[in-house]
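Protein chains in written order, with my numbering: chain B, 1 to 253; chain X, 1 to 395.
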Amino acid sequence: MAAQENALNDPIIMCEDVHKWFDDFHVLKGITTSFQKGERAVICGPSGSGKSTFIRTLNRLEEHQRGTIIIDGVELTDDLRNINLIRQEVGMVFQQFNLFPHLTNLENITLGPIRVRKLTRTEAEEVALSLLERVDIADQAYKYPAEISGGQQQRVAIARALAMEPKIMLFDEPTSALDPEMISEVLDVMRELAHSGMTMLVVTHEMGFAREVADRVMFFDEGVVIEEAAPADFFDNPQHERTKLFISQTLQH
Amino acid sequence: MEEQGLTQEIKPPVSTKGPGRWLKENLFNTWYNTILTCLALVFLFFAFKGFLTWAFTEAEWGVIPANFRLFMVGSYPQEQIWRVWTAIYILSVLMGLSAGLWGGLILRFVVVLSGVWFISALLPFDFELSTRGWCLGAIAMIAVSFFLGRDRTSLRSWILGGWILSFPVIMVVLRGFGENGVLTSRWGGLLLTLILAISGIVVSFPLGVFLALCRQSKLPVIRWVSTTYIEMVRGVPLITILFMGNVLIPIFMPGFDINQVLRMMLCLIFFSAAYMAENVRGGLQGVPRGQHEAAQAVGLNYVQTTLFIVLPQALRSVIPAIVGQFIALFKDTSLVSVIGLIDLLGVARSILANPKWLGLQAEVYLFVAFIYFVFCYAMSYASQDIETDLGVGKH
Ligand SMILES: Nc1ncnc2c1ncn2[C@@H]1O[C@H](COP(=O)(O)OP(=O)(O)OP(=O)(O)O)[C@@H](O)[C@H]1O
Ligand SMILES: [Mg+2]
Chain B
1 MAAQENALND
11 PIIMCEDVHK
21 WFDDFHVLKG
31 ITTSFQKGER
41 AVICGPSGSG
51 KSTFIRTLNR
61 LEEHQRGTII
71 IDGVELTDDL
81 RNINLIRQEV
91 GMVFQQFNLF
101 PHLTNLENIT
111 LGPIRVRKLT
121 RTEAEEVALS
131 LLERVDIADQ
141 AYKYPAEISG
151 GQQQRVAIAR
161 ALAMEPKIML
171 FDEPTSALDP
181 EMISEVLDVM
191 RELAHSGMTM
201 LVVTHEMGFA
211 REVADRVMFF
221 DEGVVIEEAA
231 PADFFDNPQH
241 ERTKLFISQT
251 LQH
Chain X
1 MEEQGLTQEI
11 KPPVSTKGPG
21 RWLKENLFNT
31 WYNTILTCLA
41 LVFLFFAFKG
51 FLTWAFTEAE
61 WGVIPANFRL
71 FMVGSYPQEQ
81 IWRVWTAIYI
91 LSVLMGLSAG
101 LWGGLILRFV
111 VVLSGVWFIS
121 ALLPFDFELS
131 TRGWCLGAIA
141 MIAVSFFLGR
151 DRTSLRSWIL
161 GGWILSFPVI
171 MVVLRGFGEN
181 GVLTSRWGGL
191 LLTLILAISG
201 IVVSFPLGVF
211 LALCRQSKLP
221 VIRWVSTTYI
231 EMVRGVPLIT
241 ILFMGNVLIP
251 IFMPGFDINQ
261 VLRMMLCLIF
271 FSAAYMAENV
281 RGGLQGVPRG
291 QHEAAQAVGL
301 NYVQTTLFIV
311 LPQALRSVIP
321 AIVGQFIALF
331 KDTSLVSVIG
341 LIDLLGVARS
351 ILANPKWLGL
361 QAEVYLFVAF
371 IYFVFCYAMS
381 YASQDIETDL
391 GVGKH
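Below, the structure is given as structure tokens:
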């Protein structure tokens, strides 16, 4: 309920009837929702339900074919200038980290600030080092991604996104590719980020994290949002049969 | 006590491999391997014995020094030879500066080069004194510029600019102006081979990268044009392209006086670029989609993504294929003799056509093969070195 009241205040992301097809395959079937500044939303749902596709349309890694998406007052269209503006405001963290293997961790982080935000190298390195400090791996700055663990790579990837000073952070299953003992170090960083007031959309199956951090949990199935609610309501009092089934299944594992 | 024993550090077993052990493990480890090794040794012995006897008793190596100038520069006029040396000196200065600044591979290269100049200056043939002087001068140029460039990072962009300008400048130096200069029809020998090979490599590489990018373009017209070009060039033998270029280029570009050297240069560039494009495309396809997406997600545009993320990864994964193409191009320059240019191989053939040197095919072709080999091997060596430097396969 709280989420709905807030949505009236200051939406930073507005989606209106968003549709997406891959060829003939209807992946997103009319998503209408909005997220306000500082909101932390967790998106969950069965595999293939369109969760990744949805958050990827928000920074135009995927193009939507119907409906409107407005990010911080700018509508996502074919206009390349708008796309670049929005990409600077929206950071993204991938399941497979996608660090640039030919650059050191530090260079991975400084690349965007130097080339896009036009900082000098010294300024960018200062920013990068303080971010590495923040995600607790300052000592790995001059190594290459292949030389550090998965959990550390994902933290570099988070630092890389933060270096662009985004207003919104998208996470697509950031811990799914990690060994169990590394999951918590990444979740800690995300928790800290959430407390700092960042707007975050997180696709994850980490229900503990959702319960603790999220303002809202959204449940996707077959390209539609079946149910959305504050985590307490969502987990303890799900309305839909599918949601109930999904929750009981995920909690078993 | 036992606990302590368990946690004691264990050193890796010391490897005791001497040469004797190596021989035993690799050449004589089984009875059939032993037989093979012995057979190979017998074969090598007879082959080498025959060759060495010939090389030291029968061969008339005098043909090489007697025609050394022809091998090096063809019929480039003697009184203008300072132009060639000027070109060499320009390159020496650039190489010396680069060696001082970057060290590593290029430093090793100039050391070897200085050695070659030094030996050349001392060769016991009847060179003119001036040639020996020029050789020593080249060493001096390298040495002086090496110390000038030493750790002078501020010179970096100047040196890079110098390299880019060096090619046109050297062409002008070699050609001179009008009647007082040296017509390109008189360029020949190793000089011509190197000019064709270097221009081919230096221009076809970026052109190939560009074609490969076009072939992956989202715009159908660009993709289509590039694909057609690549497939057409790859479907025609180089020798045909050289013949066609020789007659067609003047027709396509009337009003420009395009000499034969330039025509062959263009043909080699266009030919090599098509193959280069396919090599590069292989590398481009190997870059995972996630890399493009991550680059876009931090806000890089297409050009930046290509320059900073995609190409560095694509190119280093195909360094061996690219250098293979460079080497192939170097050797393919020998085909320009079909339209009458006298490159290194052409010189060899014209010498052999001279009754004075009749029957010395073996000596002359061996020498020519040796020169080709030295340059091609240098490229191969450099490519391995660059791969190690970039940590290919490691990160
Ligand atoms: N590039 C593509 N081309 C064609 N179909 C695609 C493409 N990307 C995704 N799909 C399909 O779209 C559907 C939704 O994919 P999406 O990746 O959004 O699911 P998801 O909810 O993130 O699932 P998961 O939990 O497995 O990551 C899937 O059936 C998938 O096969
Ligand atoms: Mg997904």
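Don't be surprised by glycine CBs; every beta carbon is placed ideally from N, CA and C.
(request) For B/Pro46, return the contacting residues in chain X, with the cut-off set at a CB-CB distance below 8 Å. (result) One-based indexing of the first sequence puts residue 46 of chain B at position 46. Result: empty, since nearest Cβ-Cβ is about 23 Å, beyond 8 Å.
(message) So that I know if they touch, is there some Cβ in chain A lying closer than 9 Å to that of X/Gln291?
(response) Although the question refers to chain A, the structure presented lacks it and instead comprises the protein chains B and X.
(request) Consider the C-beta atom of B/Asn175 and the heavy atoms of ligand 1; say whether any pair is separated by less than 8 Å. (result) On the first sequence, residue 175 of chain B is found 175 positions in, with the first residue counted as 1. The sequence as given places Thr at residue 175 of chain B; Asn does not occur at that position. The answer is no for B/Thr175.
(request) Confirm the yes/no value for this check: CB of B/Lys20, any heavy atom of ligand 2, distance under 8 Å. (result) Stepping through the first sequence from its first residue, residue 20 of chain B is reached at position 20. Incorrect: B/Lys20 has no Cβ contact closer than 8 Å to ligand 2.
(message) Would you say the beta carbon of B/Gly270 is closer than 8 Å to some non-hydrogen atom of ligand 1?
(response) This structure leaves residue 270 of chain B out entirely; chain B is present only between 1 and 253.
(request) Taking a Cβ distance cut-off of 7 Å, strictly less, list which residues of the stretch 104–122 of chain X are near chain B, in chain order. (result) none
(request) Determine the contact status of B/Val203 and B/Asp172, defining contact as a CB-CB distance below 9 Å. (result) Here the question's residue 203 of chain B lines up with position 203 in the first sequence. Here the question's residue 172 of chain B lines up with position 172 in the first sequence. Yes; because the gap between Cβ atoms is below 9 Å, this pair is in contact.
(message) Looking at ligand 2, does it come within less than 8 Å of B/Asp172, judged from the CB to the closest heavy atom?
(response) Here residue 172 of chain B is taken as the residue at index 172 of the first sequence, counted from 1. Yes - ligand 2 has a heavy atom lying nearer than 8 Å to the Cβ of B/Asp172.
(message) Is B/Gly254 close to ligand 1? I mean its beta-carbon at under 8 Å from any heavy atom of the ligand.
(response) As shown, chain B starts at 1 and ends at 253. That puts residue 254 of chain B outside it, with no answer to give.
(message) Three Cβ pairs or more, each shorter than 8 Å: is that satisfied between the stretch 185–200 of chain X and the stretch 251–264 of chain X?
(response) yes
(message) Tell me the DSSP secondary structure of X/Lys356 in three-state form.
(response) Numbered from 1 along the second sequence, position 356 holds the residue referred to as residue 356 of chain X. The answer is helix: DSSP assigns X/Lys356 an H, G or I state.
(request) Could you give the DSSP three-state label for B/Ile137: helix, strand or coil? (result) Working through the first sequence from its first residue, we reach residue 137 of chain B at position 137. Reduced to three states, the DSSP call for B/Ile137 is coil.
(message) So, under 8 Å CB-CB, X/Gly100 and X/Gly149 are touching, yes? Tell me the CB distance rounded to an integer number of Å.
(response) Counted from its first residue, the second sequence places residue 100 of chain X at position 100. Counted from its first residue, the second sequence places residue 149 of chain X at position 149. At roughly 3 Å, the Cβ-Cβ gap stays under 8 Å, so X/Gly100 and X/Gly149 are in contact.
(message) Does the stretch 83–95 of chain B come into contact with the stretch 284–296 of chain X, if we say contact requires no fewer than three beta-carbon pairs (one atom in each stretch) closer than 8 Å?
(response) yes
(request) Starting from the C-beta of B/Ala128, find all residues in its chain whose C-beta is less than 8 Å away, skip the five residues before and the five after it, and write them out in chain order. (result) The residue labelled residue 128 of chain B in the question sits at position 128 within the first sequence. Taken in chain order, the residues that qualify are Leu106, Ile109, Thr110, Pro113, Ala141, Ala159, Ala163.
(request) Return yes when the C-beta of B/Val202 is under 8 Å from any heavy atom of ligand 2, and no when it is not. (result) Along the first sequence, read from residue 1 onward, the residue named residue 202 of chain B stands at position 202. B/Val202: no, Cβ never under 8 Å from ligand 2.
(message) Closest to B/Asp23 by C-alpha separation, out of B/Gln154, B/Leu131, B/Glu63, would be which residue?
(response) As a working note, residue 23 of chain B is residue 23 in the first sequence. Ranking the options by Cα distance to B/Asp23, first place goes to B/Glu63.
(request) Could you tell me the distance, in whole angstroms, from the CA atom of B/Glu222 to the CA atom of B/Thr57? (result) Here the question's residue 222 of chain B lines up with position 222 in the first sequence. Here the question's residue 57 of chain B lines up with position 57 in the first sequence. The straight-line gap from Cα to Cα measures roughly 16 Å.
(request) Taking only beta-carbon positions, decide if X/Gln216 is within less than 9 Å of chain B. (result) Within the second sequence, the letter at position 216 stands for residue 216 of chain X. No, because no Cβ of chain B sits closer than 9 Å to the Cβ of X/Gln216.
(request) Measure how close the beta-carbons of X/Tyr76 and X/Gly188 come, nearest whole angstrom, since I'm counting them as under 8 Å. (result) Here residue 76 of chain X corresponds to residue number 76 of the second sequence, with the count starting at 1. Here residue 188 of chain X corresponds to residue number 188 of the second sequence, with the count starting at 1. The pair is a contact, with the Cβ atoms about 7 Å apart (cut-off 8 Å).
(request) My understanding is that X/Asp332 touches X/Leu238, with C-beta atoms under 8 Å, so please give their C-beta distance in whole angstroms. (result) In the second sequence, the residue the question calls residue 332 of chain X occupies position 332. In the second sequence, the residue the question calls residue 238 of chain X occupies position 238. Yes, they are in contact, since the Cβ atoms of X/Asp332 and X/Leu238 sit about 6 Å apart, within 8 Å.
(request) Tell me, please, which residues DSSP counts as bridged to B/Lys20. (result) As a first step, residue 20 of chain B is located in the first sequence; it is residue number 20 there, counting from the start. B/Leu28.
(message) With H, G and I counted as helix, E and B as strand and the rest as coil, what does DSSP make of B/Val90?
(response) On the first sequence, position 90 is the one that residue 90 of chain B refers to. Here B/Val90 sits in strand by DSSP.
(message) By the 7 Å beta-carbon criterion, what residues does the stretch 298–309 of chain X contribute toward chain B?
(response) Val298, Gly299, Leu300, Asn301, Gln304, Phe308, Ile309
(request) Kindly indicate which residue of B/Ile148, B/Lys167, B/Arg66 has the alpha-carbon position closest to the one of B/Ser85. (result) Position 85 of the first sequence, counted from the start, is the residue given in the question as residue 85 of chain B. Reading off the sequence, residue 85 of chain B comes out as Leu, not Ser. Looking at the Cα atoms, B/Lys167 is the closest of the given residues.
(request) List the residues of chain X whose Cβ lies closer than 7 Å to the Cβ of B/Gln96, in chain order. (result) For the purposes of this step, residue 96 of chain B is taken as the residue at position 96 of the first sequence. Gly290, listed in chain order.
(request) Give the secondary structure of B/Met218 by DSSP, where H, G and I count as helix, E and B as strand, and everything else as coil. (result) In the first sequence, residue 218 of chain B corresponds to position 218, counting from 1. Strand.
(request) Report yes if the CB atom of X/Asp212 is closer than 9 Å to the CB atom of X/Val298, and no otherwise. (result) The residue given as residue 212 of chain X occupies position 212 in the second sequence. The residue given as residue 298 of chain X occupies position 298 in the second sequence. Reading off the sequence shown, one finds Ala at residue 212 of chain X, where the question assumed Asp. It is not a contact, given that the beta carbons lie outside the stated cut-off.
(request) Throw me the rounded Cβ distance for the X/Ser380 and X/Ile327 pair, which I believe falls under 8 Å. (result) Taking the second sequence and counting its residues from 1, the one referred to as residue 380 of chain X is at position 380. Taking the second sequence and counting its residues from 1, the one referred to as residue 327 of chain X is at position 327. Between X/Ile327 and X/Ser380 the Cβ distance is about 7 Å, and since that is below 8 Å, they are a contact.
(request) Compute the distance between the beta-carbons of X/Ile472 and X/Val203, then report whether it is under 9 Å. (result) Nothing about residue 472 of chain X can be reported from this structure: the residues present for chain X run from 1 to 395 only.
(message) Assuming contact is defined by CB atoms lying nearer than 9 Å, are X/Gly286 and X/Ala314 in contact in what I supplied?
(response) Reading the second sequence from its first residue, position 286 is the one you call residue 286 of chain X. Reading the second sequence from its first residue, position 314 is the one you call residue 314 of chain X. Yes. Within cutoff.
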